[in-house]
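Below: the structure, in structure tokens.
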Amino acid sequence: MRVIAKRTLKDYWTKHANCRKELEEWYGVAIKAEWASPKDVKQTYPKASIVSNNRVVFNIVGGNFRLVVKIAYRGKICFVRFIGTHKEYDTIDVATI
11 MRVIAKRTLK DYWTKHANCR KELEEWYGVA IKAEWASPKD VKQTYPKASI VSNNRVVFNI
71 VGGNFRLVVK IAYRGKICFV RFIGTHKEYD TIDVATI
């Protein structure tokens with residue numbers, strides 16, 4: 011998969027060092043993945059939440075942080091839509107972000 015934008019992840023983990031390792035690991039897995047459907051994502055990340063509008067929510071650092079991506083399965087692209095704390099996540103509309 012192509013991940014847009016790694017810069018967003020790097021900026022976040024620079025400010026929040028406690029999630030750096032897991033975000034780097036997620037990025038490493040994502041760029042090697044060939045997810046063609048939500049089922050493929052769930053095979054890689056069983057605890058990921060599949061939501062509407064091709065959004066997927068990943069728990070980072072035991073659920074202390076949330077990563078929301080929009081996946082264009084046919085184009086093999088993951089768009090980083092949100093990264094934040096669980097509290098910040100509770101304030102967004104995952105389907106439209």
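Note that the sequence shown covers residues 11 to 107 in this note's numbering. Just so it is clear, CB atoms sit at the ideal spot from N, CA and C, and this is done for glycine as well. Since the structure is predicted, the reported quantities are computational estimates derived from the model, not experimental observations.
For residue i, list the residues DSSP reports as bridge partners.
i	result
residue 88	13, 81
residue 59	67
residue 93	77
Buried or exposed: residue i, going by 16 or more other Cβ atoms within 10 Å of its Cβ?
i	result
residue 82	exposed
residue 84	exposed
residue 107	exposed
Once you ignore the five residues that flank residue i on each side, which residues in its own chain have a CB closer than 6 Å to its CB?
i	result
residue 62	105
residue 22	93
Skipping 5 residues on each side, what residues in its chain have a beta carbon closer than 7 Å to that of residue i?
i	result
residue 19	33, 37, 90, 93
residue 55	68
Using the three-state DSSP reduction, which class does residue i fall into: helix, strand or coil?
i	result
residue 102	coil
residue 107	coil
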